[in-house]
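Chemist: Residue numbers (my numbering), protein chains in the order written: chain A, 646 to 916; chain B, 3 to 281; chain C, 12 to 292.
(1) Give the single residue among A:707, A:704, A:753 whose Cα lies nearest to the Cα of residue 815 of chain A.
(2) Can you give me, in chain order, the residues of the segment 697–718 of chain A that have a beta carbon less than 7 angstroms from any beta carbon in chain B?
(3) Who pairs with residue 34 of chain B in a beta bridge, going by DSSP?
(4) Could you have a look at residue 213 of chain C and say whether DSSP puts it in helix, strand or coil?
(5) Residue 883 of chain A and residue 709 of chain A - do their beta-carbons sit closer together than 8 angstroms?
(6) Along the chain, where does the beta strand (DSSP E) that runs through residue 227 of chain B open and close?
(7) With a threshold of 16 other CB atoms inside 10 Å of the CB of residue 286 of chain C, please say whether the residue is buried or exposed.
(8) DSSP on residue 902 of chain A, reduced to helix/strand/coil?
(9) Below 8 angstroms, how does it come out for the segment 73–81 of chain C and the segment 244–257 of chain C: are there three or more Cβ pairs, yes or no?
(10) Less than 8 angstroms between the C-beta atoms of residue 791 of chain A and residue 153 of chain C, yes or no?
(11) How should residue 154 of chain B be labelled, buried or exposed, when 16 other C-beta atoms within 10 angstroms of its C-beta is the threshold for buried?
(12) Answer yes or no: does any C-beta atom of chain C fall closer than 8 angstroms to that of residue 100 of chain B?
(13) Of the residues that make up the segment 842–869 of chain A, which ones have a beta carbon closer than 8 angstroms to any beta carbon in chain C?
(14) Since residue 724 of chain A and residue 878 of chain A should fall inside the 8 angstroms C-beta cutoff, what is the C-beta to C-beta distance between them, to a whole number of angstroms?
(15) Tell me, to the nearest whole angstrom, how far the beta carbon of residue 8 of chain B is from that of residue 58 of chain B; I am working on the premise that it is less than 8 angstroms.
(16) Could you check whether the Cβ of residue 690 of chain A sits closer than 8 angstroms to any Cβ belonging to chain C?
(17) With a threshold of 16 other CB atoms inside 10 Å of the CB of residue 220 of chain B, please say whether the residue is buried or exposed.
(18) Count the other CB atoms, across all protein chains shown, that sit within 10 Å of the CB of residue 32 of chain C; report buried if there are 16 or more and exposed otherwise.
(19) Would you please state the rounded distance, in angstroms, between the beta carbons of residue 144 of chain C and residue 128 of chain C? I believe it to be under 8 angstroms.
(20) Check distances from the C-beta atoms of the segment 72–106 of chain B to those of chain C and list, in chain order, the residues that come in under 9 angstroms.
(21) Cα separation between residue 140 of chain B and residue 146 of chain B?
(22) Can a CB atom of chain A be found closer than 8 angstroms to the CB of residue 107 of chain C?
(23) Could you say if the segment 132–149 of chain C and the segment 193–207 of chain C meet the contact criterion of at least three C-beta pairs nearer than 8 angstroms?
(24) Pick out whichever of C:247, C:167, C:125, C:122 has its Cα sitting closest to the Cα of residue 684 of chain A.
(25) Taking just the CA atoms, how far does residue 668 of chain A sit from residue 662 of chain A?
(26) Once you ignore the five residues that flank residue 258 of chain B on each side, which residues in its own chain have a CB closer than 7 angstroms to its CB?
(27) In the DSSP assignment, the beta strand (DSSP E) including residue 8 of chain B goes from what residue to what residue?
(28) Just to confirm the assignment, what range does the beta strand (DSSP E) spanning residue 26 of chain B have?
(29) Rounded to a whole number of angstroms, what is the C-alpha to C-alpha distance between residue 847 of chain A and residue 271 of chain C?
(30) Do you know whose CA, among A:912, A:857, A:850, A:827, lies nearest residue 108 of chain B's CA?
(31) Going along the chain, which residues of the segment 37–51 of chain C sit with their C-beta nearer than 9 angstroms to a C-beta in chain B?
(32) Following the continuous alpha helix (DSSP H) through residue 143 of chain C, name the residue where it begins and the one where it ends.
(33) What does the Cβ neighbour count give for residue 120 of chain B, buried or exposed, with the cut at 16 atoms within 10 Å?
(34) Going by other Cβ atoms of all chains shown within 10 Å of its Cβ, with 16 needed for buried, is residue 132 of chain C buried or exposed?
(35) Let me know the secondary structure DSSP gives residue 761 of chain A once reduced to three states.
(36) Quick check for students: name the residue ranges of the alpha helix (DSSP H) that lie wholly in the segment 238–286 of chain C, counting only runs of 4 or more.
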């Protein structure tokens, strides 16, 4: 305890000696880990490139401005594709994530020994793999195009939505569930009348939040061939047409800003 | 008619919440359950409709043994028991009507409740009940838009929508101000008289219990230590139930009250009502 | 049913309640009827157009399913051995990138987060920090990675810079919001004692935001690892590059092995962060 007695007097210290040692050891370990990782990471770094970077940046910056305004009309259809990838992918993910969340939540799962761990595993698997990697996999399997992008976004979003949703389900007010159970309702009726109304605001917020993130992620899926603005980005990078790249980045920036505004408004309205 | 026979509840940690409770409640009688915190009052009430599973003993509703029912039979039996909760336990995001109609959930199939297409008779009953408890004008409002007293009235309406044969009431006035508490207790008493319903009311306000119930059961540490009429609650009995305290101060003695004391008391009651109307 | 359904007389009713006349429907989500129908129609039109634009090549999908099946087999029977040295290099890069970028990211994010809190920072500093945060958040990590690779060359150093920059946008924003939401009365009390600005931070703000900051840092560690597994595709180091090559060479069992490793590390990180967060509480 920070309060100790020494020589018949009560003494107060911020931390006990034990705590101080633990803290010091912790910091030491962290710094050692950091230095070790830094050494390993930069073993093969060509430092001349690093010092050269400002020069490179200025060079690219020169070529990026002014943006290629004549390029904008070509970007409309890829933008439409990108929005579809995000929206359709989120919708498919919702359809799968909702039942999965109910299976994973401690208070609604049919069995905590078998079904719940399996559901949690599926959620972790979906979350761990970035949508770009899903895109890579799907393009090899079902070919390039918007459809691969939709599925890639859906697969990634299932884990995100299901995780946040099952946490919301576990935090509901149980007395409302008790009350509905006491009327003699079946489990399905309890779900519909007492649990679903409580998680509705969280569900709406989570879905719109993920849609917003998906817009961001859909813009770059094309880099692996899964359709949308990323395809144009890939083409422009390959030809080093930096002013076209700027145009694309501006469109991406605008799309992200608008979707974030929509998402913030919806989440505020639903609380 | 409810009969409780040697009911026991022991938790896995070893705590014995109920140590063999036995009593019977005839139709139309209102029983007030009093006792200190942790005496087992809430547990007892929840063991009757098996929201908490008893570990021993039996509960009979008329001739039906509630403690021996399977899950689906229990659901049917629960329809006959209406429950009213301390923190109202309304589904806050649903409207008042939906909350009252949820009393019929045990009677309608899932698709009806999902689509909110209840039989017309149920809907009429809901309107009548809302009017009876005095919140008909709030019918389409969300439950969390109502005041505490109004919410508790909706809770009463929901329990009655089940056409119950027994009411289990868990501290209905703990979250309400003094005036609203008396209004709710009065409402419960009138309704039980109208429908000849037996009721067990778990209550911690001894004065309120004395004014509104027919019979008092005192619980202490999971055992019945008193079973009798409200006017038999002497300081010795209260000490037996709750422990040492200045019980004389708690009990009003109208025959010993002087005009001056009565005036002061009425002034205090009036002040409480005035403040409650601002809350 | 032995229960009688007859409702007894209701003596208190003094209004005229006609029995079978009143119907009830749940009030709809959007009360304005015209608006409701427009929204519904809009949704239907959008979905039709969007699904139509998909141009699904069912033949190609059917042909690809065979490859997909081989991939699932590769996942169930992964091959850790044949590409082991590449996998080790890739994982080493990813893990070191994650640690270094998260540490540096936190170090930079804290001052920027404090500077972006309206109740603490003077206005020009506030605007500058908010600008940096907006820039960091609007660009997707991959795009930042492309730019940094072009500037700094291939390899994990560019990846480290990418992830650090991305961390700023995430942590600073949430930290600034937390500081703005902090209980003002505690800050007031400390100010009333005559404390200086740094003391104010240390006594009034830090205790309130520390637990959440630690939780968010653990979460960002997790995100950075997942990102580090991807930016390798554009040359910024990490296991993403290894994954890309195995996919190009149709070595699905090695690809499966890499994915399993990624999932395993993410799960371990989640346990670790849960443990740390409990310890902080």
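Ideal Cβ positions, reconstructed from N, Cα and C, are used throughout, including at glycine.
Modeler: Considering the structure as presented:
(1) Position 170 of the first chain, counting from 1, holds the residue named residue 815 of chain A. Looking at A:707, A:704, A:753, the one whose alpha-carbon comes closest to that of residue 815 of chain A is A:753.
(2) Under the 7 angstroms Cβ criterion, the segment 697–718 of chain A contributes no residue.
(3) To locate residue 34 of chain B, count along the second chain from 1; it is residue 32. B:203, B:218.
(4) Position 202 of the third chain, counted from the first residue, corresponds to residue 213 of chain C. Three-state result, residue 213 of chain C: helix.
(5) The residue given as residue 709 of chain A occupies position 64 in the first chain. The residue given as residue 883 of chain A occupies position 238 in the first chain. Result no, Cβ atoms of residue 709 of chain A and residue 883 of chain A do not sit closer than 8 angstroms.
(6) In the second chain, residue 227 of chain B corresponds to position 225, counting from 1. Taken as a continuous stretch (DSSP letters only), the beta strand (DSSP E) holding residue 227 of chain B covers 225–230.
(7) Translated into the one-based positions of the third chain, residue 286 of chain C becomes position 275. Classification for residue 286 of chain C: exposed.
(8) Indexing the first chain from 1 puts residue 902 of chain A at position 257. Helix at residue 902 of chain A.
(9) Taking one beta carbon from each stretch, the segment 73–81 of chain C and the segment 244–257 of chain C have fewer than 3 pairs nearer than 8 angstroms; the two do not touch.
(10) Within the first chain, the letter at position 146 stands for residue 791 of chain A. Within the third chain, the letter at position 142 stands for residue 153 of chain C. Going by C-beta atoms, residue 791 of chain A is not nearer than 8 angstroms to residue 153 of chain C.
(11) Taking the first residue of the second chain as 1, we reach residue 154 of chain B at position 152. Counting the other CB atoms within 10 Å of its CB gives residue 154 of chain B a total of 16 or more, which places it among the buried residues.
(12) By one-based count along the second chain, residue 100 of chain B stands at place 98. With 8 angstroms as the cut-off, residue 100 of chain B counts as an interface residue toward chain C.
(13) Going along the segment 842–869 of chain A in chain order, one finds 861, 862, 864, 865, 868, 869 with a Cβ nearer than 8 angstroms to chain C.
(14) As a first step, residue 724 of chain A must be located in the first chain, where it is residue number 79. As a first step, residue 878 of chain A must be located in the first chain, where it is residue number 233. Not really, about 12 angstroms apart at Cβ, beyond 8 angstroms.
(15) Counting from 1 along the second chain, the entry for residue 8 of chain B is found at position 6. Counting from 1 along the second chain, the entry for residue 58 of chain B is found at position 56. About 7 angstroms; that satisfies the 8 angstroms criterion.
(16) To locate residue 690 of chain A, count along the first chain from 1; it is residue 45. At least one chain C Cβ lies under 8 angstroms of residue 690 of chain A.
(17) Reading the second chain from its first residue, position 218 is the one you call residue 220 of chain B. That one is buried.
(18) Within the third chain, residue 32 of chain C is the residue found at index 21, counting from 1. Here residue 32 of chain C scores only 49 on pLDDT, less than 50, and its place in the model is too uncertain to base an answer on.
(19) Numbered from 1 along the third chain, position 133 holds the residue referred to as residue 144 of chain C. Numbered from 1 along the third chain, position 117 holds the residue referred to as residue 128 of chain C. Your pair residue 144 of chain C and residue 128 of chain C does not check out as a contact, with CB atoms roughly 11 angstroms apart and the cut at 8 angstroms.
(20) From the segment 72–106 of chain B, only 78, 81, 82, 96, 97, 99, 100, 103 have a Cβ closer than 9 angstroms to chain C.
(21) Position 138 of the second chain, counting from 1, holds the residue named residue 140 of chain B. Position 144 of the second chain, counting from 1, holds the residue named residue 146 of chain B. In this structure, the CA atom of residue 140 of chain B is about 11 angstroms from the CA atom of residue 146 of chain B.
(22) The residue you call residue 107 of chain C lines up with position 96 of the third chain. Cβ-Cβ to chain A under 8 angstroms: yes for residue 107 of chain C.
(23) No, they do not touch.
(24) What you label residue 684 of chain A is simply residue 39 of the first chain in a count that begins at 1. For residue 684 of chain A, the closest C-alpha among the options C:247, C:167, C:125, C:122 is that of C:167.
(25) The residue you call residue 662 of chain A lines up with position 17 of the first chain. The residue you call residue 668 of chain A lines up with position 23 of the first chain. C-alpha separation (whole angstroms): 10 angstroms.
(26) Here residue 258 of chain B is taken as the residue at index 256 of the second chain, counted from 1. Confidence in residue 258 of chain B is poor, its pLDDT being 49 and thus under 50, which makes the residue's placement unreliable; the coordinate value appears in the next sentence. Around residue 258 of chain B: no qualifying Cβ.
(27) For the purposes of this step, residue 8 of chain B is taken as residue 6 along the second chain, with counting starting at 1. Taken as a continuous stretch (DSSP letters only), the beta strand (DSSP E) holding residue 8 of chain B covers 4–12.
(28) Along the second chain, one-based indexing puts residue 26 of chain B at 24. First-last of the beta strand (DSSP E) with residue 26 of chain B: 18–27.
(29) Reading the first chain from its first residue, position 202 is the one you call residue 847 of chain A. Reading the third chain from its first residue, position 260 is the one you call residue 271 of chain C. Their Cα atoms are separated by approximately 31 angstroms.
(30) Here residue 108 of chain B is taken as the residue at index 106 of the second chain, counted from 1. Here the closest residue by C-alpha is A:827.
(31) Residues 37, 38.
(32) Position 132 of the third chain holds residue 143 of chain C. Note, residue 143 of chain C: alpha helix (DSSP H), 134–149.
(33) By 1-based counting over the second chain, the position of residue 120 of chain B is 118. A residue is called buried once 16 or more other Cβ atoms fall within 10 Å of its Cβ, and residue 120 of chain B is buried on that count.
(34) Indexing the third chain from 1 puts residue 132 of chain C at position 121. That one is buried.
(35) The sequence position of residue 761 of chain A within the first chain is 116, counting from 1. If DSSP states are grouped into helix, strand and coil, residue 761 of chain A belongs with the helices.
(36) 250–259, all fully within the segment 238–286 of chain C.
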